[in-house]
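Notes for the one structure printed next.
Protein chains: 2
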Amino acid sequence: MFRGLQVQTEIAAGRHLPEPKGLGSIVDGMAALDQIGVIITVKRDEPLFFEGDAAEFYFKVISGAVRGCKLLADGRRHVGNFFLPGDFIGLDAAEYHAFSAEVVADTIMVRYARWKVHALADQELAIARSLVNVMRTELCAARNRMALLGQMSAMERIANFILMMADKSGTRDISLPMTRTDIGDHLGLTIETVSRVFSRLKKDHIIEQQSLHHIRIADRDALVDLADFS
Amino acid sequence: MFRGLQVQTEIAAGRHLPEPKGLGSIVDGMAALDQIGVIITVKRDEPLFFEGDAAEFYFKVISGAVRGCKLLADGRRHVGNFFLPGDFIGLDAAEYHAFSAEVVADTIMVRYARWKVHALADQELAIARSLVNVMRTELCAARNRMALLGQMSAMERIANFILMMADKSGTRDISLPMTRTDIGDHLGLTIETVSRVFSRLKKDHIIEQQSLHHIRIADRDALVDLADFS
DNA sequence: CGCCCATTTGAAAATAATCAATGGAAGTGG
DNA sequence: CCACTTCCATTGATTATTTTCAAATGGGCG
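Written as C-alpha cells, this is what we have:
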C-alpha cells in the first residue's frame, strides 16, 4: 500500500523545473527520466513511504531534505541517510522498501513510477548504467558510514558529518535542516552528545553557529584533522 | 595494478565445479556467467585486492571466506563484509575498489574479468538484472548493519551476528572461520568485548562451543530475544 | 508577549575500551 | 614424536567515553 504523501502537490513534470543548480551533474544521461517524472512538494515531517511498503515509486530530491529511517523493535531509530538535492531515493528497494522515508524540511521532489523507470532502463542502456552507478555510489557511501559507525569517536563522527555536508553544499556555510535528534540517530550518538560536541567545536573556533540550523566552518584544516578518515 | 593472488591456482572453469550446495539458488539466471569465470584457490591471509586498486575482476566465493576491509588513517580497521559461499565480491566497485579483500581461510572462488561481465550484462538483460539484484541485496544488508553499528549494544550486535551466520549456513552448527579480531572489527567492538560476550552466551547455555571456530546455537529463542531486530 | 519545544549544560551511571596477565591451541623444528 | 615457540583467546582490574537522568536556557511561532 502507498500510504503517506497526503499533503503533496502534484505538478506536471518536464516543464517549469525550478532549474536546480548542479542537478544534472550528479547523474549524467538521465535526461530521459525527466519525461516520466512528476514534480511533487511535501511538507515537513510528512512520510514519503514506510518500511515494508510496496515500492511503487522512486524519488529524486530537488530541494529540501528527506531522512531514511529504520526502527528497531524497542523503538530505537536509525537514520541511514539524509537525502539532499540531487539524491535518489528508493533505488535499492526490491519489491518492498527497506526503510521509511520522512521529509525533514519542506521538499520538492520528482517522483517516478517504478515500472516506467524499469521499462526505460530495459530500453536504454545509458539509463540502466546510470541507475547502477547511483547504486554503486550509495553502496560506497554506506561502506564508509559503516566504518564511521563502527570505529569512530563522537568527535570524529561529527567532524566527518560536517565535512560531508559541506561537500554536498559546496560552500563552508552549511545548512543543517535536520534536528539534533536526527543527527544523533544518523551518527549513532545521543542528542546530548551531539550537542556537546558542537559546543566544543564552537568553543575551539572550528565552527561558527549562525543559527540552530546554519553553521559555518571556520577552520577546515582542524576539522579535517579531527575527522581522521584515510 | 593487480597485486595479490600470488599463491592462487587457476583451473579452467565451467567444468568440474565442486557442485557447491545451494549456490545457484542465491542468484538465479547467472548460469551464463559460469562460462566466463575462472576457478582460483587462494590461501589464508592472502590479499585478493587492495583498496584503491583498479577493479579488474569480480569474484564469487565457492567455499571458504573472504573479508572486506577498510583502513582508517591511524590504522584502525573496519571489516565491512564477510563474503561467504555464494557471495559476490566487488560488484559495487566503479573504476577502483573501495575496500581491500583478504582471504580468511583457504578459499575457492570464481574470478570474472570485469569487462566480460559487463559485455555479457549489456547483451543479456537477465544477467544485468541479476547483478542489480545482488547489489540491491548488498545495499539492504549494509543498511541493516548500519542500524546495528549505530544503535545496538555489544550483546545485541553479537546475537545478530551469530543469527546471521546461522542463516547463511542453514544449520544451528556454525563455522566461524574468522578470528575474534575480525569479528570485533566487523561489529565495532574490541576483541576482549567479543570474547566476554561469547563467554557470557556460553555461561547462559545459549550457545555451545565445539572449538574456537565452531559453535552451535543451543537456545535460538533466547538469541533472538537478545538480538532485538525489528 | 508568552508559551512550547528543541537544545544546551551539568552530574551520575553504565557500557565498552584499555591495560595487563594468563591460558591454550596450532604449527615448527629438532 | 615431543618440546618449544608463537599467536590467539580468555579473564581480570582499571579507565574513559558516552549514555542516562535532570534541570535550565533560549529561539521560534502563535
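Protein chains in written order, with our numbering: chain A, 1 to 230; chain B, 1 to 230.
Yeah, the Cβ is synthetic: ideal placement off N, Cα and C, and Gly gets one too.
A quick note: this is a predicted structure, and the numbers were derived from the prediction, not measured.
For residue i, does the count of other Cβ atoms within 10 angstroms reach 16, so buried, or fall short, so exposed?
i              : result
residue 112(B) : buried
residue 6(A)   : Note that residue 6(A) scores a pLDDT of 47, beneath 50, so its modelled location is shaky and nothing firm can be said.
residue 130(A) : buried
residue 97(A)  : buried
residue 95(B)  : exposed
residue 171(B) : exposed
residue 121(B) : buried
residue 221(B) : exposed
residue 225(A) : exposed
residue 223(A) : buried
residue 45(B)  : exposed
residue 125(A) : exposed
residue 204(A) : exposed
residue 167(B) : exposed
residue 212(A) : exposed
residue 188(A) : buried
residue 128(A) : buried
residue 251(B) : Past the edges of chain B, shown from 1 to 230, lies residue 251(B), and the structure says nothing about it.
residue 156(B) : buried
residue 227(A) : buried
residue 184(B) : buried
residue 75(B)  : exposed
According to the Cβ coordinates, are residue i and residue j closer than 7 Å?
i              : j              : result
residue 154(A) : residue 197(A) : yes
residue 56(B)  : residue 99(B)  : no
residue 83(A)  : residue 110(A) : no
residue 195(A) : residue 180(A) : yes
residue 158(B) : residue 165(B) : no
residue 63(B)  : residue 85(B)  : yes
residue 92(A)  : residue 136(B) : yes
residue 70(B)  : residue 147(A) : yes
residue 149(A) : residue 139(B) : no
residue 59(A)  : residue 134(A) : no
residue 80(A)  : residue 90(A)  : no
residue 207(B) : residue 215(B) : yes
residue 116(B) : residue 36(B)  : yes
How close, in whole Å, do the beta carbons of residue i and residue j come, if the pair is a contact with beta carbons under 8 Å?
i              : j              : result
residue 151(B) : residue 186(A) : 11 Å between Cβ atoms; not a contact.
residue 108(B) : residue 162(B) : Actually they are not in contact, since the Cβ atoms of residue 108(B) and residue 162(B) sit about 25 Å apart, beyond 8 Å.
residue 34(A)  : residue 104(A) : Rounded, the Cβ-Cβ distance is 24 Å, inconsistent with contact.
residue 101(B) : residue 229(A) : Contact doesn't hold; Cβ gap of about 20 Å is too wide.
residue 210(B) : residue 202(B) : Incorrect: roughly 11 Å between the Cβ atoms, too far for contact.
residue 132(A) : residue 132(B) : 6 Å
If contact means a Cβ-Cβ distance below 8 Å, which residues of the segment 146-179 of chain B contact chain A?
146, 147, 149, 150, 151, 152
Give, in chain order, every residue of the segment 54-75 of chain A whose Cβ lies closer than 9 Å to some Cβ of chain B.
68, 70, 71, 72, 73, 74
Which ranges would you report for the beta strand (DSSP E) in the segment 86-148 of chain B if only whole runs of at least 3 residues count?
100-113
Enumerate, from N- to C-terminal direction, the unbroken alpha helix (DSSP H) stretches of 4 or more residues contained entirely within the segment 157-189 of chain A.
180-187
Within 9 Å of chain B by C-beta, residues of the segment 73-95 of chain A in sequence order:
So the close ones are 73, 74, 76, 77, 78, 79, 80, 81, 91, 92, 93, 94.
Just to confirm the assignment: which complete alpha helix (DSSP H) runs, minimum length 4, are found wholly within the segment 21-76 of chain B?
At a cut-off of 4 residues, the continuous stretches assigned as alpha helix (DSSP H) that sit fully inside the segment 21-76 of chain B are 23-26, 31-34.
Selection of the segment 99-128 of chain A by Cβ proximity to chain B, strictly under 8 Å:
If the cut-off is 8 Å between Cβ atoms, the segment 99-128 of chain A has 99, 122, 125, 128 near chain B.
Whole alpha helix (DSSP H) elements within the segment 184-222 of chain B, 4-residue minimum:
Entirely contained in the segment 184-222 of chain B, the alpha helix (DSSP H) runs reaching 4 residues are, in chain order, 191-203.
What residues in the segment 35-47 of chain B have a beta carbon less than 7 Å from any beta carbon of chain A?
none
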